[in-house]
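This report refers to the structure that appears directly beneath it.
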Amino acid sequence: MNEIAKNDYLTCLLNSFTAQSVDILSHESQQNEKLSWLKQLRAEAIDQAGQLTLPTTKDEEWRFTDISPLAKLPFKPAKAYSALELNDIQPFLIEEANNRLVFVDGYFAPDLSNILGKDQLIIGNLSSLTTHPVTEIKHHLGQQIQLKNNIFTALNTAFLQDGAFIVAPKNITVSKPIHLLFIATQKETTNYPRVLVVGKENSEITIIEDYVALQDSAANDSYITNSVVELNLAANAQVQHIRIQRENPNAFHLANSAVSLDHASRYQATSITLGAQISRYDLNISFISEAAECAVHGLTMVANTQLADTHTCIDHLKPNCTSRQQHKCIADDSSRAVFNGKIIVSPNAQRTNSSQSSRNLLLSGKAQIDTKPQLEIFADDVKCAHGATVGQLDNEEIFYLKSRGLPELVARNLLTYAFGAEILDHIPVKSLKHKLEQIVLNQTQSS
Numbered sequence: 065m066n067e068i069a070k071n072d073y074l075t076c077l078l079n080s081f082t083a084q085s086v087d088i089l090s091h092e093s094q095q096n097e098k099l100s101w102l103k104q105l106r107a108e109a110i111d112q113a114g115q116l117t118l119p120t121t122k123d124e125e126w127r128f129t130d131i132s133p134l135a136k137l138p139f140k141p142a143k144a145y146s147a148l149e150l151n152d153i154q155p156f157l158i159e160e161a162n163n164r165l166v167f168v169d170g171y172f173a174p175d176l177s178n179i180l181g182k183d184q185l186i187i188g189n190l191s192s193l194t195t196h197p198v199t200e201i202k203h204h205l206g207q208q209i210q211l212k213n214n215i216f217t218a219l220n221t222a223f224l225q226d227g228a229f230i231v232a233p234k235n236i237t238v239s240k241p242i243h244l245l246f247i248a249t250q251k252e253t254t255n256y257p258r259v260l261v262v263g264k265e266n267s268e269i270t271i272i273e274d275y276v277a278l279q280d281s282a283a284n285d286s287y288i289t290n291s292v293v294e295l296n297l298a299a300n301a302q303v304q305h306i307r308i309q310r311e312n313p314n315a316f317h318l319a320n321s322a323v324s325l326d327h328a329s330r331y332q333a334t335s336i337t338l339g340a341q342i343s344r345y346d347l348n349i350s351f352i353s354e355a356a357e358c359a360v361h362g363l364t365m366v367a368n369t370q371l372a373d374t375h376t377c378i379d380h381l382k383p384n385c386t387s388r389q390q391h392k393c394i395a396d397d398s399s400r401a402v403f404n405g406k407i408i409v410s411p412n413a414q415r416t417n418s419s420q421s422s423r424n425l426l427l428s429g430k431a432q433i434d435t436k437p438q439l440e441i442f443a444d445d446v447k448c449a450h451g452a453t454v455g456q457l458d459n460e461e462i463f464y465l466k467s468r469g470l471p472e473l474v475a476r477n478l479l480t481y482a483f484g485a486e487i488l489d490h491i492p493v494k495s496l497k498h499k500l501e502q503i504v505l506n507q508t509q510s511s
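If you read the sequence shown in the working numbering, its first letter stands for residue 65, the second for the next number, and so on.
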């Protein structure tokens, strides 16, 4: 590993990794020589992490998001310890989800999890499955996400141990959603959630990726979540991906997702960002074959001094693919929201049909929203459009509601809620949608 002395955060993590990794890798090698590929993957990630630094606002992709407070935090990796019981996480459970994988501070919690779908799915903790469907994991793990030039994915892979692993077999439709619940409980630590989802030909599943903190244990404490999600969809596979970030208001949340779409596959995503002091979500979607489709919806609601940054890149590499994207930000108080959405149409991607909409609502004169839609088109037979707006509540709409007898404050709250609720309509899980509607409604009740 290269010598590093770049800042407290990286130095602390990489020093802690040196000691931790020796035990982990030595143990794995003794258990199973077949896991040498995993050892090699981690070694590559360590090498990449050692060559990189934390991004700053001088980097174009991070110019709106100052994460310098993170660099001052010597937060070591979280320990594998949990005293949680099922009653502790009851408020976060989703009644429609038969299958639930729970991770506490990044470590699998079998006593809190519920796995019923083994007759339909390959599902479980990544580390315990590495000796079973090793070819599946080896073929896909670390293949969608880019380690190069991304310090956070490199660190996640370097510390890779537990994680959610799901394979939807060929021609299988799983009607019930699968809940992946990531709970933070340890203060002043870094945790590394990891997810790998593989949809085989003609399969269909719904995934709920949910990041929470226990209010009574972490309300005033900070921690760092650094997550990586990889999804690979084979021909005609379909995935509904719901992502909810409702971390502690003092947390740092850094997340990277990568999606690969084969022939005629369909990916539908809804991302809700509510928590964390500073959060950054990167989503990269690649069309690797023809006739695939994606629909991406996002809602960011921030207040106080929160900063939430969403970066997406939809890469049309093949012809006859369709992408639809709609993202909304609502910023109150002195908060800041960022949306950067890039669509790339490669020279071979003729007959691409793509649209992107970024609509944003400022509720305070001190709040700030930066939106940057980008289209890079290198083909000539395409249909592409994008648009962005940043504004305040419509005075005519407020006047109309007041004329119907509503006080001005109620009218403002109602319009703010309606603005965000449009994104929630894309969530197909009834109880989860209802919970999120209540959360959004509560956050729009200014006084």
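In this text, a Cβ means the ideal position worked out from N, Cα and C, and glycines have one as well.
Let's test the definition: count the other Cβ atoms within 10 Å of the Cβ of residue i and tell me whether it reaches 16, buried, or not, exposed.
i	result
residue 429	exposed
residue 282	For residue 282, the pLDDT reaches just 49, beneath the cut-off of 50, and the residue's location in the model is therefore unreliable, although a value from the coordinates is still provided. Buried.
residue 338	buried
residue 512	Since the displayed the chain opens at 65 and closes at 511, residue 512 lies outside it and no answer follows.
residue 469	exposed
residue 489	exposed
residue 440	exposed
residue 372	buried
residue 143	exposed
residue 62	With the chain running from 65 to 511 in the structure shown, residue 62 is simply not present.
residue 455	exposed
residue 425	buried
residue 69	Reliability fails at residue 69, whose pLDDT of 44 lies under 50, so the model's placement of it is uncertain and no value is given.
residue 311	buried
residue 128	buried
residue 502	exposed
residue 145	exposed
residue 139	buried
In the DSSP output, which residue or residues are listed as bridge partners for residue i?
i	result
residue 345	319, 374
residue 209	Answer is none; residue 209 lacks a bridge partner.
residue 389	360, 420
residue 273	244, 307
residue 395	366, 426
residue 260	229, 294
residue 331	303, 358
residue 325	297, 351
residue 406	377, 438
residue 268	237, 302
residue 62	Residue numbering for the chain in the displayed model covers 65 to 511; residue 62 lies beyond these limits and cannot be assessed.
residue 337	309, 364
residue 503	The partner list for residue 503 (beta bridge, DSSP) is empty, contrary to what the question assumes.
residue 412	Bridge partners of residue 412: none, in fact.
residue 178	164
residue 188	229
residue 110	The partner list for residue 110 (beta bridge, DSSP) is empty, contrary to what the question assumes.
residue 288	254, 316
With a cut-off of 8 Å on the beta carbons, I'd call residue i and residue j a contact; round off their distance for me.
i	j	result
residue 521	residue 260	Lying outside 65 to 511, the shown extent of the chain, residue 521 is not represented and no answer is given.
residue 294	residue 322	5 Å
residue 421	residue 390	5 Å
residue 304	residue 212	So it is not a contact: roughly 30 Å between Cβ atoms.
residue 248	residue 277	5 Å
residue 520	residue 266	Residue numbering for the chain in the displayed model covers 65 to 511; residue 520 lies beyond these limits and cannot be assessed.
residue 512	residue 314	Here the chain covers residues 65 to 511 and nothing more, so residue 512 does not appear.
residue 236	residue 272	Wrong, their Cβ atoms sit about 18 Å apart, outside the cutoff.
residue 350	residue 325	7 Å
residue 299	residue 328	6 Å
residue 427	residue 395	7 Å
residue 238	residue 269	5 Å
residue 223	residue 133	That belief does not hold up - the Cβ atoms of residue 223 and residue 133 are roughly 21 Å apart, past 8 Å.
residue 257	residue 170	6 Å
residue 392	residue 484	6 Å
residue 262	residue 317	Rounded, the Cβ-Cβ distance is 25 Å, inconsistent with contact.
Residue i: beta carbon under 6 Å from a heavy atom of the ligand SAM?
i	result
residue 151	The ligand SAM is not among the ligands present in this structure, which contains no ligands whatsoever.
Checking contacts by CB at 7 Å: is residue i closer than that to chain C?
i	result
residue 403	No chain C is present in this structure, which holds just one protein chain.
Complete beta strand (DSSP E) runs within the segment 415-441 (minimum length 3 residues, chain order):
417-426, 432-441
Quick check for students: name the residue ranges of the beta strand (DSSP E) that lie wholly in the segment 130-176, counting only runs of 3 or more.
163-168
Does the segment 140-159 come into contact with the segment 481-500, if we say contact requires no fewer than three beta-carbon pairs (one atom in each stretch) closer than 8 Å?
yes
Taking contact to mean 3 or more Cβ pairs, one atom from each stretch, closer than 8 Å, check whether the segment 502-511 and the segment 377-386 are in contact.
no
Taking one C-beta from the segment 433-446 and one from the segment 476-486 each time, how about it: are there three or more such pairs within less than 8 Å?
no
Check whether the segment 350-365 and the segment 105-123 touch, using three or more Cβ-Cβ pairs below 8 Å as the test.
no
Taking 8 Å as the threshold, find out whether the segment 380-387 comes into contact with the segment 406-425 through three or more Cβ pairs.
yes
Counting Cβ pairs closer than 8 Å, one from the segment 389-409 and one from the segment 433-442, do we hit at least three?
yes
List in chain order: all unbroken beta strand (DSSP E) runs of 3+ residues lying wholly within the segment 436-475.
447-455
Does the segment 174-191 come close enough to the segment 206-222 that 3 or more CB-CB pairs lie under 8 Å?
no
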